[in-house]
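Residue numbers for the sequence shown follow numbering that gives the first Met the number 0, beginning at 0 and rising by one.
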Amino acid sequence: MFRVAMMFSRFLKKLENIAQFNICIAFSSIAHQNQVSRSKLYHVYSTVRCFQSGRFVCGGNSSSRHWSQSPTRVFGNRVSRAMKNEAQKALFDYLHYTRTLSFVDADHISKNSPRFILSLLSKIDDTRKEDISRALTKFLRYNPINEFEPFFESLGLRPSEIPRFLQRDLVLLSDDGIMFENFHVLCYYGIPRGKIGRMFKEAREIFGYENGVLASKLEAYESLVLSKPIVIKLVTCCPLLLVGDIDSEFVSVINKLKGVNIGCDWLARYLSDRKTYNWLRILETMELLDKVGFKDERLSSLLKAYPDLVGEASGNKAYIMLEKFHKVGLQMNEIDNLVTDNPEMLLEKSVKRILETLKFLKRIRMEKQFVVRFLLCHMKLICSSSLLGPRAVWNRLKIGRDQLCQIIKEEPLRLFSLASKTNNSRIKLDSLDLRNAEKTVFLLKLGYVENSDEMVRALKKFQGRGDELQERFDCFVKAGLDYNVVSQLVKRAPHMLNRPKGIIEKKINLLTDYLGYPIESVIESPTYLCYSMERIHHRFSMYIWLKERDAAMPRLTLGTIVGISNTLFVSYFVNTHPEGRATWENIKKAST
0 MFRVAMMFSR
10 FLKKLENIAQ
20 FNICIAFSSI
30 AHQNQVSRSK
40 LYHVYSTVRC
50 FQSGRFVCGG
60 NSSSRHWSQS
70 PTRVFGNRVS
80 RAMKNEAQKA
90 LFDYLHYTRT
100 LSFVDADHIS
110 KNSPRFILSL
120 LSKIDDTRKE
130 DISRALTKFL
140 RYNPINEFEP
150 FFESLGLRPS
160 EIPRFLQRDL
170 VLLSDDGIMF
180 ENFHVLCYYG
190 IPRGKIGRMF
200 KEAREIFGYE
210 NGVLASKLEA
220 YESLVLSKPI
230 VIKLVTCCPL
240 LLVGDIDSEF
250 VSVINKLKGV
260 NIGCDWLARY
270 LSDRKTYNWL
280 RILETMELLD
290 KVGFKDERLS
300 SLLKAYPDLV
310 GEASGNKAYI
320 MLEKFHKVGL
330 QMNEIDNLVT
340 DNPEMLLEKS
350 VKRILETLKF
360 LKRIRMEKQF
370 VVRFLLCHMK
380 LICSSSLLGP
390 RAVWNRLKIG
400 RDQLCQIIKE
410 EPLRLFSLAS
420 KTNNSRIKLD
430 SLDLRNAEKT
440 VFLLKLGYVE
450 NSDEMVRALK
460 KFQGRGDELQ
470 ERFDCFVKAG
480 LDYNVVSQLV
490 KRAPHMLNRP
500 KGIIEKKINL
510 LTDYLGYPIE
520 SVIESPTYLC
530 YSMERIHHRF
540 SMYIWLKERD
550 AAMPRLTLGT
560 IVGISNTLFV
570 SYFVNTHPEG
580 RATWENIKKA
590 ST
């Protein structure tokens with residue numbers, strides 16, 4: 000009986016292969032002769048895929064059916080790099096030679112669609128390296144793929160986002176020629192392919208423009224005296240700028256920045272593709288700053304010191320905050336002084352905390368005179384502290400509203416110890432002095448979450464006052480690094496900012512002017528900044544001397560030049576040249 004079952008199983012397998020082969024022959028013939036409509040072609044495609052995998056995934060709408068990338072077979076062992084490389088090569092050959100995509104397009108898609116590659120590997124039974132390429136080539140020959148799946152993945156879309164962009168009647172990239180043409184316009188302009196996925200997701204309309212429209216919109220933004228790199232950064236961070244006519248609110252922001260002698264490159268430097276931007280909100284914030292007295296040079300200095308005022312601050316909420324200041328009795332000159340001394344109070348998080356504090360004091364019926372004094376004396380603490388609601392406080396302390404009000408009147412700073420959302424294992428009141436408050440504000444600008452464990456650890460790692468840390472941070476931005484890049488780098492290597500400003504500037508000059516390396520070299524080797532000036536100068540001098548005599552490889556990393564031990568440096572560098580030892584000794588003597 001078992002033998003009969005096995006023979007019947009083999010018979011079904013042969014029957015399946017014959018049917019699959021015949022269907023694929025029919026598919027190729029129909030496609031070549033172009034005698035059927037696209038919907039019929041898709042029907043044949045679906046039949047082949049359904050017969051092959053037996054998997055059909057339906058979305059909420061029956062018209063948006065698509066094939067799943069989920070593997071039909073899971074490998075027993077982990078997929079090796081060699082297997083992935085073979086699969087990438089097979090996909091490249093299919094896209095480039097069979098489907099006639101350009102070399103660049105096929106290469107990018109095959110190398111940047113890892114989930115689709117795993118899906119392909121799961122379709123075959125041969126897991127030996129020498130068989131993978133042949134098996135996949137055969138599979139792709141008889142099993143047409145939906146080319147939009149790997150294409151969208153290569154643009155940076157997550158696999159979970161791809162299904163909603165797949166359409167029933169579109170299988171080949173050439174089926175949507177207008178979309179593919181606009182994609183190439185963005186590529187030729189210089190926009191990274193991996194960032195086009197976000198543009199497709201947020202501003203899909205731009206991929207439906209007729210020939211020449213998208214290119215003309217990009218040129219229109221260049222006509223605003225914006226350089227090409229700035230336009231690229233702007234449209235990748237704010238794809239909606241390319242929808243419709245030129246954004247008038249964006250133009251107003253640019254004109255205001257030019258009016259205070261801030262170049263447009265400053266704006267592009269602080270834009271992040273991880274955020275969304277509302278140009279009306281940014282415009283409102285700049286107008287608010289102008290009204291409270293920040294004009295021309297003052298506004299320019301403020302924005303350079305606190306770029307998030309433009310990137311995050313909400314003009315409407317700030318207006319509400321200023322109105323409440325007036326209601327409690329603050330005079331206009333006092334408000335101006337507050338903003339001048341504490342510009343971080345206009346950040347969105349700070350505005351929220353200030354409004355929370357005012358609401359707290361109002362609910363416990365605190366007198367206006369006390370509120371005014373409290374705001375004038377403790378603004379930095381207010382901006383860096385999140386408070387519980389008053390009811391939660393008096394319930395926890397088992398006291399009444401009037402008693403709580405009296406406690407805060409007698410000891411104003413007790414507000415932060417009694418109502419702070421931090422628990423006992425986190426920041427205590429005695430650590431919330433002016434020095435620590437400034438450091439907290441600086442860390443908030445880097446993206447640390449208020450009252451988090453990460454913030455507590457960062458407060459211990461960063462050495463110096465908040466203003467000193469900001470000056471050291473600005474050294475890297477002025478040297479040419481992107482603001483967001485420096486933020487991520489500093490969070491990864493806090494020790495970068497634990498050196499005095501003068502020392503950091505000298506080390507940057509040694510790197511760029513003496514060694515001739517770009518400032519971006521610091522990104523991969525931030526520990527370079529931890530070594531002494533003497534060690535750096537000795538190593539750089541020896542390395543330059545060896546390069547001039549072709550005895551050292553060019554463009555070695557800073558970690559290799561400066562980071563290795565003295566013994567290894569002498570062995571791998573100094574001793575590679577007959578005169579190396581003498582030169583090394585002379586370099587060390589010259590610096591003493």
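Just so you know, even glycine gets a beta-carbon here, dropped at the ideal spot from N, CA and C.
Rounded C-beta distance between residue i and residue j? I'm assuming under 8 angstroms.
| i | j | result |
| --- | --- | --- |
| Glu148 | Phe115 | 6 angstroms |
| Phe568 | Arg538 | 7 angstroms |
| Phe572 | Ala589 | Not quite, the Cβ-Cβ distance comes to about 17 angstroms (not below 8 angstroms), so this is no contact. |
| Leu301 | Leu288 | 7 angstroms |
| Met541 | Thr582 | 7 angstroms |
| Leu488 | Ile522 | 6 angstroms |
| Ile161 | Gly207 | With 8 angstroms as the limit, Ile161 and Gly207 do not qualify as a contact, their Cβ atoms being about 19 angstroms apart. |
| Leu468 | Leu496 | 5 angstroms |
| Phe164 | Ile108 | Incorrect: roughly 15 angstroms between the Cβ atoms, too far for contact. |
| Arg192 | Leu154 | 6 angstroms |
| Leu223 | Leu241 | Not confirmed; about 14 angstroms, so no contact. |
| Ser524 | Gly558 | 4 angstroms |
| Pro306 | Tyr530 | In fact, because the Cβ distance is near 30 angstroms, the residues do not count as touching under 8 angstroms. |
Would you tell me roughly how many angstroms separate the C-alpha atoms of residue i and residue j, rounded to the nearest one?
| i | j | result |
| --- | --- | --- |
| Ile586 | Met532 | 14 angstroms |
| Arg197 | Arg554 | 34 angstroms |
| Asp244 | Val250 | 11 angstroms |
| Asp401 | Leu386 | 18 angstroms |
| Ser226 | Leu217 | 11 angstroms |
| Lys379 | Glu343 | 9 angstroms |
| Gln51 | Asn142 | A caution first: Gln51 carries a pLDDT of 38, below 50, which makes its placement in the model unreliable, though a value can still be read off. The alpha-carbon atoms of Gln51 and Asn142 are separated by roughly 8 angstroms. |
| Ile502 | Ser416 | 38 angstroms |
| Tyr513 | Thr556 | 15 angstroms |
| Gly515 | Lys506 | 12 angstroms |
| His536 | Thr275 | 44 angstroms |
| Val371 | Leu357 | 10 angstroms |
| Arg268 | Gln330 | 36 angstroms |
| Leu239 | Ala219 | 14 angstroms |
| Phe199 | Phe179 | 11 angstroms |
| Phe91 | Leu156 | 20 angstroms |
| Ala418 | Val350 | 18 angstroms |
| Gly258 | Thr566 | 57 angstroms |
| Glu410 | Glu453 | 30 angstroms |
| Glu296 | Arg456 | 37 angstroms |
| Phe359 | Pro389 | 6 angstroms |
| Pro70 | Glu152 | Per-residue confidence for Pro70 stands at a pLDDT of 43, beneath the threshold of 50, marking its modelled position as unreliable; the derived number appears in the next sentence. Computed Cα separation, rounded: 16 angstroms. |
| Tyr41 | Asp175 | With a pLDDT of only 41 at Tyr41, under 50, the local geometry of the prediction cannot be trusted, and no value is derived from it. |
With distance defined between alpha-carbon atoms, name the residue in the options nearest to residue i.
| i | options | result |
| --- | --- | --- |
| Ser79 | Leu120, Thr97, Ala89, Phe102 | Leu120 |
| Phe597 | Leu346, Ala418, Ile205 | As shown, the chain starts at 0 and ends at 591. That puts residue 597 outside it, with no answer to give. |
| Arg498 | Asn483, Gly155, Lys460 | Lys460 |
| Glu519 | Val485, Ile503, Lys546, Lys500 | Val485 |
| Glu366 | Gln487, Met495, Ala457, Gly328 | Gly328 |
| Ile363 | Arg372, Val392, Asp340 | Val392 |
| Ser383 | Leu396, Tyr447, Ile407 | Tyr447 |
| Asp264 | Leu496, Lys408, Ile229 | Ile229 |
| Arg140 | Tyr96, Ile334, Tyr187 | Tyr96 |
| Phe373 | Arg534, Arg413, Thr559 | Arg413 |
| Lys490 | Leu458, Asn260, Ala478 | Leu458 |
| Gly211 | Ala202, Lys194, Tyr187, Leu480 | Tyr187 |
| Leu256 | Ile190, Leu172, Lys294 | Lys294 |
| Thr235 | Glu201, Lys348, Leu223, Ser222 | Glu201 |
| Pro577 | Ile560, Phe441, Leu545, Phe138 | Leu545 |
| Asp335 | Val440, Leu375, Arg203 | Leu375 |
| Leu117 | Asp106, Val103, Leu100, Pro158 | Pro158 |
| Ser215 | Leu185, Ile195, Cys529 | Leu185 |
| Val561 | Leu528, Arg580, Lys122, Ile381 | Leu528 |
| Cys237 | Asn260, Ile195, Ile381, Leu169 | Ile195 |
| Leu172 | Leu94, Ser112, Ile190 | Leu94 |
Quick one: does the C-beta of residue i sit closer than 6 angstroms to a heavy atom of the ligand FAD?
| i | result |
| --- | --- |
| Lys122 | Absence of the ligand FAD from the depicted structure is noted, as is the absence of any ligand whatsoever, leaving it without description. |
Chain C beta carbons: is any one of them nearer than 7 angstroms to that of residue i?
| i | result |
| --- | --- |
| Met378 | Structure shown: chain C not included; a single protein chain is present. |
_Can you confirm whether the stretch 317-328 touches the stretch 274-282 when touching is taken to mean that 3 or more C-beta pairs between the two stretches lie within less than 8 angstroms?_
no
*asked:* I want to know whether the stretch 129-137 touches the stretch 84-93 - three or more CB-CB distances under 8 angstroms.
replied: yes
_Runs of 4 residues minimum, wholly inside the stretch 107-193: which ones carry the alpha helix (DSSP H) assignment?_
113-120, 128-141, 147-153, 176-188
*Tell me the start and end of each unbroken alpha helix (DSSP H) in the stretch 451-492 that is at least 4 residues and wholly inside, in chain order.*
452-460, 465-477, 482-491
*Let me know the alpha helix (DSSP H) ranges lying completely inside the stretch 376-409, each 4 residues or longer, listed in chain order.*
378-382, 389-396, 400-409
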